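**Student:**
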């Protein structure tokens, strides 16, 4: 069913607020921006507002502030979210992200609790948590990425009468996990330089990779390629399961999700082909390849390929 409600046209202040969020999205999230450009204007604006708020939360967690200050800033951000939830953001508010998010939440049934989960996940980062098992890491991924999938579904909605639509939030969550695990693999060295470790400790021990990744070559005696390909296999299974969301979406929303997920799925292929590349720097796709993935997303080609390969 369509999720957008009848709302008045945008005021100049809202137009400016959304424009600010779109600029943040375009500058800070190239992969995300490639996907949402396929959406109608109202949905694209709402997704930019969600991203801009999420970016603010992430920037607090990743910034140079001490832990106590980060916790205080995250509490302030949670309080602001509560004001959005309660409809307390005035039309003349000076915070463009809050203003845009409040309007998006009025126009779409966005489950704003997902943003609370995102803040919970960033607090895990602030506290320097490590993860012994995949089950523990999965809980973190659900906070920082699965929740974003469910938030996005609030904007997209599902096609009326789509079989199994009651499971759409589960599939959106799973697709978010797939994207986050891909991010973790891509950013191994960068995270290690910040003193962060995300891969399950039990997997690091199993493959002899317990000395971290803040170097250009794997540690001696480690099966680094085996570790990475094990995680790639896990991520591919998540992608294949999450792609079951696509038939439940309208064509443009499905194309948006397929494009965003397709970029990360291709990135995963690059990581699998040369695992050690992630120790030398961030692996990324050139702009022409991203554009090709977006086109294939419109046709649903990459999604069908991933589902056919489902383990």
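Numbering (UniProt numbering), first residue to last: 1 to 311.
Glycine included, C-beta positions come from ideal geometry on N, C-alpha and C.
Remember, it's a predicted structure, so these values are computed and weren't measured experimentally.
(1) Where does residue 280 sit, in a helix, a strand or coil, going by DSSP?
(2) If I measure Cβ to Cβ from residue 197 and keep anything under 6 Å in the same chain, skipping five residues before and after, which residues do I get?
(3) Among 178, 222 and 86, which residue has its Cα nearest to the Cα of residue 239?
(4) Quick one, are the C-beta atoms of residue 148 and residue 114 less than 8 Å apart?
(5) Looking at the structure shown, is residue 63 part of a helix, part of a strand, or coil, going by DSSP?
(6) Please report how far the alpha carbon of residue 234 lies from the alpha carbon of residue 106, in whole angstroms.
(7) What does a CB cutoff of less than 7 Å around residue 222 pick up in its chain, not counting 5 residues either side in sequence?
(8) Can you tell which of 64, 112 and 292 has its C-alpha closest to the C-alpha of residue 46?
(9) Tell me, please, whether the CB atom of residue 35 is closer than 8 Å to any CB atom in chain B?
(10) Return the first residue and the last residue of the alpha helix (DSSP H) that residue 217 is part of.
(11) Between the alpha carbons of residue 220 and residue 232, how many angstroms are there, rounded?
(12) If you scan the stretch 5 to 53 from start to end, which runs of the alpha helix (DSSP H) of 4 or more residues do you find wholly inside it?
(13) Under 8 Å, with one C-beta from each stretch per pair, do the stretch 151 to 170 and the stretch 242 to 257 reach the 3-pair mark?
(14) Would residue 317 pass as a contact of residue 99 if the rule is Cβ separation under 8 Å?
(15) Compute the Euclidean distance between the alpha carbons of residue 184 and residue 37, then round it to the nearest angstrom.
(16) To which residues of the same chain is residue 44 closer than 6 Å at the C-beta, ignoring the five residues directly before and after it?
(17) Taking 8 Å as the threshold (C-beta atoms), are residue 52 and residue 84 in contact?
(18) By Cβ distance, which residues of its chain are closer than 8 Å to residue 229, with the 5 residues on each side in sequence left out?
(19) Going along the chain, which residues of its own chain have a beta-carbon closer than 8 Å to the beta-carbon of residue 29, five neighbours each way excluded?
**Tutor:** Straight from the coordinates:
(1) The residue labelled residue 280 in the question sits at position 280 within the chain shown. In this structure, residue 280 counts as coil in the three-state DSSP scheme.
(2) Locating residue 197 in the chain shown gives position 197, counting from the first residue. If we look at residue 197 and ignore the five residues flanking it on each side, its Cβ neighbours are 130.
(3) Residue mapping note: residue 239 aligns to position 239 of the chain shown, counting from 1. If we check each option's Cα against that of residue 239, 178 comes out closest.
(4) On the chain shown, residue 148 is found 148 positions in, with the first residue counted as 1. On the chain shown, residue 114 is found 114 positions in, with the first residue counted as 1. Yes, Cβ-Cβ distance for residue 148 and residue 114 is below 8 Å.
(5) Mapped onto the chain shown, residue 63 falls at position 63. Correct three-state label for residue 63: coil.
(6) The count along the chain shown starts at 1 and reaches residue 234 at position 234. The count along the chain shown starts at 1 and reaches residue 106 at position 106. If I take the Cα positions, the gap works out to 37 Å.
(7) Along the chain shown, one-based indexing puts residue 222 at 222. Cβ within range, chain order: 207, 208 and 209.
(8) For this step, residue 46 is matched to residue 46 along the chain shown. Answer by Cα proximity: 112.
(9) Any reference to chain B falls outside this structure, which holds one protein chain only.
(10) For this step, residue 217 is matched to residue 217 along the chain shown. Residue 217 -> no alpha helix (DSSP H), and no H or E assigned at all.
(11) Position 220 of the chain shown, counted from the start, is the residue given in the question as residue 220. Position 232 of the chain shown, counted from the start, is the residue given in the question as residue 232. Their backbone Cα atoms lie some 22 Å apart in a straight line.
(12) 12 to 28 and 30 to 36
(13) yes
(14) Since the first residue of the chain shown is 1 and the last is 311, residue 317 is not available in this structure.
(15) Stepping through the chain shown from its first residue, residue 184 is reached at position 184. Stepping through the chain shown from its first residue, residue 37 is reached at position 37. C-alpha separation (whole angstroms): 25 Å.
(16) What you label residue 44 is simply residue 44 of the chain shown in a count that begins at 1. So the qualifying residues of the chain are 36.
(17) Counting from 1 along the chain shown, the entry for residue 84 is found at position 84. Counting from 1 along the chain shown, the entry for residue 52 is found at position 52. Result no, Cβ atoms of residue 84 and residue 52 do not sit closer than 8 Å.
(18) The residue given as residue 229 occupies position 229 in the chain shown. Around residue 229: 272 and 275.
(19) The residue labelled residue 29 in the question sits at position 29 within the chain shown. So the qualifying residues of the chain are 51 and 55.
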